[in-house]
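Asker: Residue numbers (numbering that gives the first Met the number 0), protein chains in the order written: chain V, 0 to 182; chain X, 0 to 294.
Following this message is one structure expressed as structure tokens.
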Amino acid sequence: MATETLVHVSFHVNGTLHELELPARRLLSDALRHDLKLTGTHVGCEHGVCGACTVLVDRAPVRSCLVFAVSLEGARITTVEGCCTDGGDMGPVQQAFQDCHALQCGFCTPGFITTITAYLAQNADPTAEEAREAISGNLCRCTGYQNIVAAVQRAAALRKATDRTRRDPSGEVSTGSTTGVES
Amino acid sequence: MKPSPFTYHRPRSIDEALAMLSAHGDAGKVLAGGQSLVPLMSMRLAAPADLIDINHIAELDSVDVTDSHVRVGAIARHSRLEADQAVYDAIPLLRQGLVNVAHPTIRNRGTTVGSLVHADPAAEMPAVLTLLDGVVELRTANDTREVAAADFFEGPMQSAIRPGELAVAASFVRPPRGSGSAFLELSRRQGDYAMCGVGALVTTDDENAITSARVALISVGDGPVLVEVTEAISGSGGGFDEPALRDLVDERIEAEPDIHASAEYRRHLAHVLTLRALDEAHQRARRAGRRHRVA
């Protein structure tokens, strides 16, 4: 087959600007894994059902297997690699997953981490029922979800504790990111 | 699970997109949110030669609330429409339908107009457009037409859009004062396509008596199935004559069996959800009426 025409696209991933020349049909999930070597994003069903490949596009969770990379010109993308603290330690959602044993094989985990990170930015203090709704688009075949629901609430508590320690003397919450998600 | 190769186009204006669609005819396909098109391409059920990506056309990213309508531009995401309080205040049925569309993550990318054009018989927003007497605005390089919901959904995955046309917006008509609405559905797993779903719209008078009512059902026909049920309103306008309601629904729906539900079970769901949705819509009309009188 003739070589495919490449299309130029530029977008930020975890704060770094990338200029890429990609075949138009390259899915974002494949661009992240194969072109940018960010293999934290996992590809499960590849048709939008399982949620494992979820990343944040302009802070909103999106299935990276359901978007062509070239369509994201100018976007700001956050993968699970970007859900850490500014210092590179585990972010609150990652820490909560460890604390609550919310993963076993770990395949689905990146999709949960990104989805929950975005959700808590909008809803800082979810009930267990709201947590369940928040993760309803992500499938896990190991845990039975109980520990994941617990981790959502644990992550909410960790975020609040982090926010408190970051308040300056005037009582204002620091504008610095605690999640790696660009604002 | 990888799409076949295609030529990618990234227009920055409606006119540029229309020129591309005109140039590519049958080979051209519009990419909006892509939440249905991309999996179809990945499974190679669709293989357009030219993909025209409208996501970078700022003038299509609009939601406008007027005294008579809510007009939704072609790349307004479901999630944006769902969150918009002015939209909810104008037409609560939009949010009531939208929360049933797949998962929040899909709604972050998927577009309402794209869902209409896709015309899946199990999709919620075609039923909402139908219930609200909405229209889809279609443009070509040298023509514009509006197609009413009743004529737009021609069959399963088949809408009235023709090669070269771009659906630039959809307009939903605001229901009259004293109206109430609801959207209910049942699926095997949260976020799956519904085995059956029902949107309901009722209008009441100053005494809270129902004066007119209609429902639109999904997953029980070739597209959204509109059923006028005003004649099944029981004498006082306080509720519905259930056998009459069931007969009206049965006359219109075509329940088919599949892996998720038998035809009989689908028909049962259609009956039960229709009654529940109408009751809920009536309750909401009553509350809206009370708020209006207090104000």
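By construction, the Cβ of each residue, glycine as well, lies at the ideal position given by its N, Cα and C atoms.
Nothing here was measured: the structure is a model prediction, and the numbers come from that model.
Using DSSP with H/G/I as helix, E/B as strand and the rest coil, what is L20 of chain X?
Answerer: Taking the first residue of the second sequence as position 1, residue 20 of chain X is located at position 21. In the structure shown, L20 of chain X sits in a helix (DSSP, three-state: H, G or I).
Asker: Note down, one range per segment and in chain order, each beta strand (DSSP E) of at least 3 residues found wholly within the segment 12-55 of chain V.
Answerer: Fully enclosed beta strand (DSSP E) runs of 3 or longer: 15-22.
Asker: Report all residues from its chain with a CB closer than 7 Å to the CB of R9 of chain X; omit the five preceding and five following residues, and keep chain order.
Answerer: Taking the first residue of the second sequence as 1, we reach residue 9 of chain X at position 10. These residues qualify, in order along the chain: D52 and H55.
Asker: Rounding to the nearest angstrom, what Cα-Cα distance links G87 of chain V and Q93 of chain V in this structure?
Answerer: Along the first sequence, read from residue 1 onward, the residue named residue 87 of chain V stands at position 88. Along the first sequence, read from residue 1 onward, the residue named residue 93 of chain V stands at position 94. Distance between the alpha carbons of G87 of chain V and Q93 of chain V is about 12 Å.
Asker: For chain X, check one thing: does any of its Cβ atoms lie closer than 8 Å to the Cβ of A59 of chain V?
Answerer: In the first sequence, counting from the first residue as 1, residue 59 of chain V sits at position 60. It does; some Cβ of chain X falls within 8 Å.
Asker: Is there at least one Cβ from chain X nearer than 8 Å to P22 of chain V's Cβ?
Answerer: By one-based count along the first sequence, residue 22 of chain V stands at place 23. True, the Cβ-Cβ gap to chain X drops below 8 Å.
Asker: Using a 10 Å radius around the Cβ and a threshold of 16 neighbouring Cβ atoms, would you call C104 of chain V buried or exposed?
Answerer: For the purposes of this step, residue 104 of chain V is taken as the residue at position 105 of the first sequence. With fewer than 16 Cβ atoms within 10 Å of its Cβ, C104 of chain V is classed as exposed.
Asker: Could you run through the segment 90-106 of chain X and flag, in chain order, every residue whose CB is less than 9 Å away from some CB of chain V?
Answerer: Answer set for the segment 90-106 of chain X: A101, H102, P103, T104 and I105.
Asker: Any idea if Q95 of chain X is buried or exposed, counting beta-carbon neighbours within 10 angstroms, 16 or more meaning buried?
Answerer: Counting from one through the second sequence, the residue named residue 95 of chain X turns up at place 96. By the neighbour-count rule (16 or more Cβ atoms within 10 Å), Q95 of chain X is buried.
Asker: Starting from L185 of chain X and walking both ways along the beta strand (DSSP E), at which residues does that stretch end?
Answerer: Locating residue 185 of chain X in the second sequence gives position 186, counting from the first residue. Taken as a continuous stretch (DSSP letters only), the beta strand (DSSP E) holding L185 of chain X covers S178 to L185.
Asker: Please state if the CB of P91 of chain V and the CB of T40 of chain V are separated by a distance shorter than 8 Å.
Answerer: Working through the first sequence from its first residue, we reach residue 40 of chain V at position 41. Working through the first sequence from its first residue, we reach residue 91 of chain V at position 92. Contact: no.
Asker: Taking A30 of chain V as the reference, give the member of V:F111, V:R153, V:I76 and V:D85 with the closest Cα.
Answerer: Numbered from 1 along the first sequence, position 31 holds the residue referred to as residue 30 of chain V. Answer by Cα proximity: V:I76.
Asker: Considering A127 of chain V, what are the terminal residues of the alpha helix (DSSP H) in which it resides?
Answerer: Reading the first sequence from its first residue, position 128 is the one you call residue 127 of chain V. Note, A127 of chain V: alpha helix (DSSP H), A127 to A133.
Asker: Report buried or exposed for G24 of chain X, applying the criterion of at least 16 other Cβ atoms within 10 angstroms of its Cβ.
Answerer: On the second sequence, position 25 is the one that residue 24 of chain X refers to. The residue in question, G24 of chain X, is exposed, as its Cβ has fewer than 16 Cβ neighbours within 10 Å.
Asker: Which of the three DSSP states is assigned to D63 of chain X in this structure?
Answerer: In the second sequence, residue 63 of chain X corresponds to position 64, counting from 1. In this structure, D63 of chain X counts as strand in the three-state DSSP scheme.
Asker: When the Cα of V219 of chain X is compared with those of X:D249, X:T210 and X:S235, which residue comes out closest?
Answerer: To locate residue 219 of chain X, count along the second sequence from 1; it is residue 220. Of the candidates X:D249, X:T210 and X:S235, the one whose C-alpha sits nearest the C-alpha of V219 of chain X is X:D249.
Asker: Just the C-alpha distance for A95 of chain V and S135 of chain V, rounded to the nearest angstrom, thanks.
Answerer: Residue numbering aside, residue 95 of chain V sits at position 96 when the first sequence is read from its first letter. Residue numbering aside, residue 135 of chain V sits at position 136 when the first sequence is read from its first letter. Taking the straight line joining both Cα atoms gives about 18 Å.
Asker: For N135 of chain X, tell me which candidate among X:S158, X:S12 and X:A85 has the shortest Cα-Cα distance.
Answerer: Residue numbering aside, residue 135 of chain X sits at position 136 when the second sequence is read from its first letter. Looking at the sequence shown, residue 135 of chain X is not Asn but Val. Minimum Cα distance to V135 of chain X is reached at X:S158.
Asker: Is there at least one Cβ from chain V nearer than 8 Å to F5 of chain X's Cβ?
Answerer: Translated into the one-based positions of the second sequence, residue 5 of chain X becomes position 6. It does; some Cβ of chain V falls within 8 Å.
Asker: My output table needs one value for E164 of chain X: the three-state DSSP class, helix, strand or coil.
Answerer: Along the second sequence, read from residue 1 onward, the residue named residue 164 of chain X stands at position 165. E164 of chain X: coil per DSSP, three-state reduction.
Asker: Please compile the residues from chain V whose C-beta is within a distance smaller than 8 Å of the C-beta of K28 of chain X.
Answerer: For the purposes of this step, residue 28 of chain X is taken as residue 29 along the second sequence, with counting starting at 1. Under the 8 Å cutoff, chain V gives no residues; its nearest Cβ is about 12 Å from K28 of chain X.
Asker: Between the segment 51-70 of chain X and chain V, which residues of the former have CB atoms less than 8 Å from a CB of the latter, in chain order?
Answerer: Of all residues in the segment 51-70 of chain X, D52, N54 and H55 have a Cβ within less than 8 Å of some Cβ in chain V.
Asker: Of the residues X:D240, X:A85 and X:D49, which one's Cα is nearest the Cα of T65 of chain X?
Answerer: The count along the second sequence starts at 1 and reaches residue 65 of chain X at position 66. When each option's Cα is compared against that of T65 of chain X, the closest is X:A85.
Asker: Kindly say whether G190 of chain X, judged by its beta-carbon, lies nearer than 8 Å to any beta-carbon of chain V.
Answerer: Residue numbering aside, residue 190 of chain X sits at position 191 when the second sequence is read from its first letter. With 8 Å as the cut-off, G190 of chain X counts as an interface residue toward chain V.
Asker: Let me know the secondary structure DSSP gives K28 of chain X once reduced to three states.
Answerer: For the purposes of this step, residue 28 of chain X is taken as residue 29 along the second sequence, with counting starting at 1. Of the three classes helix, strand and coil, the one that applies to K28 of chain X here is strand, per DSSP.
Asker: Are any of the Cβ atoms in chain V nearer than 8 Å to that of G33 of chain X?
Answerer: Counting from one through the second sequence, the residue named residue 33 of chain X turns up at place 34. Closer than 8 Å: yes.
Asker: My output table needs one value for I105 of chain X: the three-state DSSP class, helix, strand or coil.
Answerer: Numbered from its first residue, the second sequence carries residue 105 of chain X at position 106. Of the three classes helix, strand and coil, the one that applies to I105 of chain X here is helix, per DSSP.
Asker: Which chain X residues sit within Cβ distance under 8 Å of R62 of chain V?
Answerer: Locating residue 62 of chain V in the first sequence gives position 63, counting from the first residue. Neighbours of R62 of chain V on chain X, chain order: Q34, T104, I105 and R108.
Asker: By how many angstroms is the C-alpha of V172 of chain X removed from the C-alpha of L131 of chain X?
Answerer: Within the second sequence, numbered from 1, the residue matching residue 131 of chain X stands at position 132. Within the second sequence, numbered from 1, the residue matching residue 172 of chain X stands at position 173. Spanning the two alpha carbons is a distance of roughly 5 Å.
Asker: Report yes if the CB atom of L216 of chain X is closer than 8 Å to the CB atom of V228 of chain X, and no otherwise.
Answerer: For the purposes of this step, residue 216 of chain X is taken as the residue at position 217 of the second sequence. For the purposes of this step, residue 228 of chain X is taken as the residue at position 229 of the second sequence. Their beta carbons are not under 8 Å apart, which means L216 of chain X does not touch V228 of chain X by this criterion.
Asker: Closer than 7 Å by beta-carbon distance: list the chain V residues that pair up with S41 of chain X, in chain order.
Answerer: Taking the first residue of the second sequence as position 1, residue 41 of chain X is located at position 42. Going along chain V in sequence order, the residues near S41 of chain X (Cβ under 7 Å) are E45 and H46.
Asker: Take the Cβ of H117 of chain X as the centre, count every other Cβ of all protein chains shown within 10 Å, and call the residue buried at 16 or more, exposed below.
Answerer: The residue you call residue 117 of chain X lines up with position 118 of the second sequence. With 16 or more Cβ atoms within 10 Å of its Cβ, H117 of chain X is classed as buried.
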